[in-house]
Amino acid sequence: MLKFLTIDLDQLVEAPWRFTADPEYVHYARPRVDHHPDCESAQRNIQVSLEKDGQLSPIHVRPLEGTTQYQILDGHVVVECARNAGLQVLEAVVHLGLSDEDAHKRYLFFNLNRARQYRVKMMRDLKALFPARNANEVAAAVGELCKVLNLDPGTVEDYLTLDERDPRWRKWAVAGYFNIPKGERMTEEEWDQLRIPDSAL
Amino acid sequence: MINYITVALDQLVDGPWRLTEKPEDNQKLRPSRQRQEFRAQENIAKSLQKVGQLSPIHIRPVEITSKYQILNGHVVVAAARQVGLQSLVAILHLGLTDGEAHMRYLHFNFNHCEQFHGKFLRDLKKLYDTNGADERAEAAAELRELTPWDLKSIAHYILVNEHSKTWRQFKFSKMLQEESGTSVLEDDESGNA
Numbered sequence: 001m002l003k004f005l006t007i008d009l010d011q012l013v014e015a016p017w018r019f020t021a022d023p024e025y026v027h028y029a030r031p032r033v034d035h036h037p038d039c040e041s042a043q044r045n046i047q048v049s050l051e052k053d054g055q056l057s058p059i060h061v062r063p064l065e066g067t068t069q070y071q072i073l074d075g076h077v078v079v080e081c082a083r084n085a086g087l088q089v090l091e092a093v094v095h096l097g098l099s100d101e102d103a104h105k106r107y108l109f110f111n112l113n114r115a116r117q118y119r120v121k122m123m124r125d126l127k128a129l130f131p132a133r134n135a136n137e138v139a140a141a142v143g144e145l146c147k148v149l150n151l152d153p154g155t156v157e158d159y160l161t162l163d164e165r166d167p168r169w170r171k172w173a174v175a176g177y178f179n180i181p182k183g184e185r186m187t188e189e190e191w192d193q194l195r196i197p198d199s200a201l
Numbered sequence: 001m002i003n004y005i006t007v008a009l010d011q012l013v014d015g016p017w018r019l020t021e022k023p024e025d026n027q028k029l030r031p032s033r034q035r036q037e038f039r040a041q042e043n044i045a046k047s048l049q050k051v052g053q054l055s056p057i058h059i060r061p062v063e064i065t066s067k068y069q070i071l072n073g074h075v076v077v078a079a080a081r082q083v084g085l086q087s088l089v090a091i092l093h094l095g096l097t098d099g100e101a102h103m104r105y106l107h108f109n110f111n112h113c114e115q116f117h118g119k120f121l122r123d124l125k126k127l128y129d130t131n132g133a134d135e136r137a138e139a140a141a142e143l144r145e146l147t148p149w150d151l152k153s154i155a156h157y158i159l160v161n162e163h164s165k166t167w168r169q170f171k172f173s174k175m176l177q178e179e180s181g182t183s184v185l186e187d188d189e190s191g192n193a
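Just so you know, the sequences run in chain order A and B. Under the numbering used here, the first residue of the first sequence is numbered 1, with each subsequent residue one higher. Under the numbering used here, the first residue of the second sequence is numbered 1, with each subsequent residue one higher.
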């Protein structure tokens with residue numbers, strides 16, 4: 001049976017395994033066009049959502065023995081956003097009786113045991129939601145979608161405007177190799193000029 | 001304020017946007033992806049049997065019926081049906097249009113911070129500091145229930161940790177690929193992560 005609790009933000013402490021909170025390791029997160037190591041865009045979207053709709057989903061915590069504090073198992077970014085948004089409390093699922101190791105494993109389970117998302121599905125999802133017909137509609141849709149997706153605007157625009165078999169989809173496979181920013185649209189001719197060594201494929 | 005309810009599984013219907021519910025679309029999934037979806041569901045089924053439901057699913061009422069549409073948690077519902085549960089705890093989202101429901105699904109599924117290899121390795125190094133084939137096999141068996149990765153990928157992570165003085169040097173080298181195919185666990189799956 002799930003146990004729910006409303007918890008003051010100042011009772012919440014971070015888990016010691018949290019990578020991006022550790023200054024020794026934070027620079028190993030690759031800075032990318034679409035998001036900063038500290039997941040700026042995801043955090044911004046969650047903050048907007050908290051301010052607009054309130055908390056949509058509980059975070060996950062466990063009580064720390066001998067204290068009134070709770071360790072965050074899952075939901076570190078939500079907690080940061082809640083602090084930024086000036087919230088005082090969050091609702092949480094409380095996980096009892098976990099050792100340090102069990103807690104860490106539960107965190108992995110929450111974060112890694114996901115069915116993968118993939119490009120064709122994303123494209124159909126977004127086109128179904130925003131059947132944009134001209135540049136203005138595309139721009140409006142991109143603005144709206146960037147509020148809920150942790151993707152750069154150029155990528156979202158591709159989802160909305162390219163066909164499933166458009167040759168420009170190739171950029172997903174090769175953009176990293178040529179250091180081409182994901183959001184940068186290229187013509188088909190420009191793509192054809194790129195030559196990828198067989199060894200890299 | 002979050003609205004929690006307990007809902008019978010036979011009251012739950014899938015979101016129409018769910019691609020893998022459509023047989024014609026499901027066939028377009030690469031076999032490795034299909035296996036990954038299957039493993040994610042298997043892991044959730046095991047977890048449901050072992051420790052019960054860990055997190056509520058998200059639903060919205062379907063007008064004029066007693067049904068609820070799943071916004072997020074399709075795989076959990078499938079796993080719950082698989083293990084014979086009758087009900088699940090859910091968060092009820094009220095007053096959403098079809099478009100808003102779809103957007104909420106996107107928000108839950110696509111607004112994650114990126115996970116990356118360095119982080120996995122560091123996590124796994126802390127949890128499974130293995131030494132030798134037996135310990136590797138034990139770690140791989142546990143990780144099999146925590147992630148949907150195939151055994152080859154799990155074996156890579158474990159071996160990289162064991163071989164590297166520091167996880168920073170991690171590289172999926174040919175040597176590791178060859179070794180992982182023979183010395184961690186027998187992998188009956190040929191797909192890649």
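Backbone N, C-alpha and C fix where the C-beta goes; we use that ideal spot for every residue, glycine too.
Around the beta-carbon of Ala-92 (chain A), 16 or more other beta-carbon atoms lie within 10 Å, marking it buried.
Look at Leu-5 (chain A) here: in three-state DSSP terms it is strand. For the pair Gly-54 (chain A) and Glu-135 (chain B), the Cα-to-Cα distance works out to about 45 angstroms. Among the residues facing chain A, His-156 (chain B) is not included, as its CB has no counterpart in that chain under 9 angstroms away.
For Lys-105 (chain A), at least one C-beta of chain B is nearer than 9 angstroms to its own C-beta. Chain A has a Cβ within less than 9 angstroms of the Cβ of Asp-123 (chain B). Contact annotation for Gly-84 (chain B) against chain A: no contact, minimum CB-CB distance about 17 angstroms [criterion: below 7 angstroms]. Take the alpha-carbon of Ala-139 (chain B) and the one of Asp-150 (chain B): they are about 14 angstroms apart. Spatial neighbours of Thr-161 (chain A) in its own chain (CB-CB distance under 8 angstroms, excluding positions within 5 residues in sequence) are listed in chain order as Ala-132, Val-138.
Within the same chain, Cβ atoms closer than 8 angstroms to the Cβ of Leu-54 (chain B) are found at Ser-47, the five residues on either side in sequence being excluded. At least one beta carbon of chain B lies nearer than 9 angstroms to the beta carbon of Pro-58 (chain A). Listed as beta-bridge partners of Asp-74 (chain A) by DSSP are A:His-60. Using a Cβ-Cβ distance cut-off of 8 angstroms, the stretch 9-18 of chain B and the stretch 93-106 of chain B are in contact, since at least three pairs of beta carbons, one from each stretch, lie closer than that value. Gln-71 (chain A) sits close to Val-61 (chain A), with the two beta carbons spaced by under 9 angstroms. Taking a Cβ-Cβ cut-off of 7 angstroms, the neighbours of Ile-2 (chain B) in chain A comprise Gln-55, Pro-58, Glu-91, given in sequence order.
Where Ala-90 (chain B) is concerned, the enclosing beta strand (DSSP E) starts and stops at 87-92. Between Asn-43 (chain B) and Arg-144 (chain B), the C-beta gap is smaller than 9 angstroms, which places the two residues in contact. Contact of Asn-84 (chain A) with chain B is not assigned, every C-beta pair being separated by 9 angstroms or more.
If you draw a straight line from the Cα of Ala-79 (chain B) to the Cα of Asn-134 (chain A), it comes to about 42 angstroms. In the three-state reduction of the DSSP assignment, His-112 (chain B) falls in the coil class.
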